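J.:
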Amino acid sequence: MQIEVLKSKIHRVTVTQADLDYIGSVTIDENLMDAVNLIENEKVDIFNYNNGERFTTYVIKGDRDSGVICLNGPASLKVKEGHEIIIVSYALMDFELAKKHKPAVIFPDSKTNKLR
-14 MQIEVLKSKI HRVTVTQADL DYIGSVTIDE NLMDAVNLIE NEKVDIFNYN
36 NGERFTTYVI KGDRDSGVIC LNGPASLKVK EGHEIIIVSY ALMDFELAKK
86 HKPAVIFPDS KTNKLR
């Protein structure tokens, strides 16, 4: 049996930009992506800590050390600059392997979106 489990979590980063005139996705500082093993085009769920919005999109690599968290396209309508969000991804794995799995979770500085 396979189950879906938490793979990666960036807990409470601050939205730095919201760009409606874009095809779609979330742009994430490459340092944050590396820290939780996210890759470009990976599916992620976004949870808005300020208004409770929850939605799915995919990752675009942002400039390293920029602190960028930019919601693009329709997702930009679910956030405002300055909102805090949680970004998560999941993995499908064997049930027994999932029992031992440890997700990559980080808690960046929410003022700078940099690793502590």
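Residues in the sequence shown are numbered consecutively from -14, following my numbering. Just so you know, even glycine gets a beta-carbon here, dropped at the ideal spot from N, CA and C. Only a predicted model underlies this, so the values are computations on that prediction, with no experimental measurement involved.
1. Below 8 angstroms CB to CB, which residues in the same chain sit around valine 11 once its five sequence neighbours on both sides are set aside?
2. Which runs of the beta strand (DSSP E), 3 residues or longer, sit entirely within the segment 12 to 67?
3. Span of the alpha helix (DSSP H) holding leucine 82?
4. Near alanine 123, which residues of its chain fall below 7 angstroms by C-beta distance, leaving aside the five closest residues on each side in sequence?
5. Since valine -2 contacts serine 95 with CB under 8 angstroms, what's their CB separation in whole angstroms?
6. Determine, using beta carbons only, whether alanine 3 and valine 90 come nearer to each other than 8 angstroms.
7. Is the separation between the beta-carbon of valine 0 and that of glutamate 81 shorter than 8 angstroms?
8. Suppose you measure from the CA of methionine 18 to the CA of lysine -6; what does that come to, to the nearest Å?
9. In whole angstroms, what separates the C-alpha of arginine 101 from that of phenylalanine 92?
T.: From the atom records:
1. Val29, Ile31, Thr42, Tyr43, Val44, Ile45, Ile54, Cys55, Leu56, Asn57, Ala60, Ile72
2. 28 to 33, 39 to 47, 54 to 57
3. 80 to 85
4. Lying outside -14 to 101, the shown extent of the chain, residue 123 is not represented and no answer is given.
5. 6 angstroms
6. no
7. no
8. 10 angstroms
9. 8 angstroms
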